[in-house]
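What follows is a set of notes on a single structure, which appears directly below.
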Amino acid sequence: MSKTFEIRREEKCLDYAGGQGELKKPGKVVSFSCHSMQGNQMWKYEDDMLRHASGFCIELSQGNDKDVFMSNCESTNQYQKWFWKKRLNNSTST
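The UniProt record's numbering applies: residue 1 is where the sequence shown begins, and numbers increase by one.
In C-alpha cells, the structure reads:
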C-alpha cells in the first residue's frame, strides 16, 4: 500500500467506482491509471481486510477466475482476508 493509501503496481492502482450515496452497491474492482487523488483509489487496511471509502471490502471470487470484487464487509469471511508480505526495493547502483 502506498503512502497515499493506494494499492498499486507501478502506474496502475486498484480502483472502485461503485457509486455514491443511495447508488452505492457492491461491484467489480478494476486496475486503472493511478491519479493520486484518493477517492475511488483510496483503501484502508484493518483487521486483515481491505476497506474502501464506500464501506465495502475487497473479496476474492470463489470461482476459477480468481477475480476480486467489492462486497459487504464480513469479518468472518475468509475470502475478504488479506495478508501483506514485505517487498524490498531491488534497485542496484552502478
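Even for Gly, the Cβ is constructed at its ideal location relative to N, Cα and C.
Extent of the continuous beta strand (DSSP E) run through residue i
i: F56; result: F56 to L60
i: E44; result: The amino acid at residue 44 is misidentified as Glu; the sequence shows Lys. K44 -> beta strand (DSSP E) spans W43 to E46.
i: F83; result: Counting along the chain, F83 falls outside any beta strand (DSSP E), and DSSP gives it neither H nor E.
i: H52; result: M49 to H52
i: K12; result: K12 to D15
Sub-8 Å separation of residue i and residue j beta-carbons
i: M37; j: S54; result: no
i: W43; j: F5; result: yes
i: Q80; j: E59; result: yes
i: N72; j: F56; result: yes
i: S75; j: V68; result: no
Residue i - partner residues in DSSP beta bridges
i: N64; result: Note: N64 sits in no beta bridge, so no partner.
i: S33; result: K12
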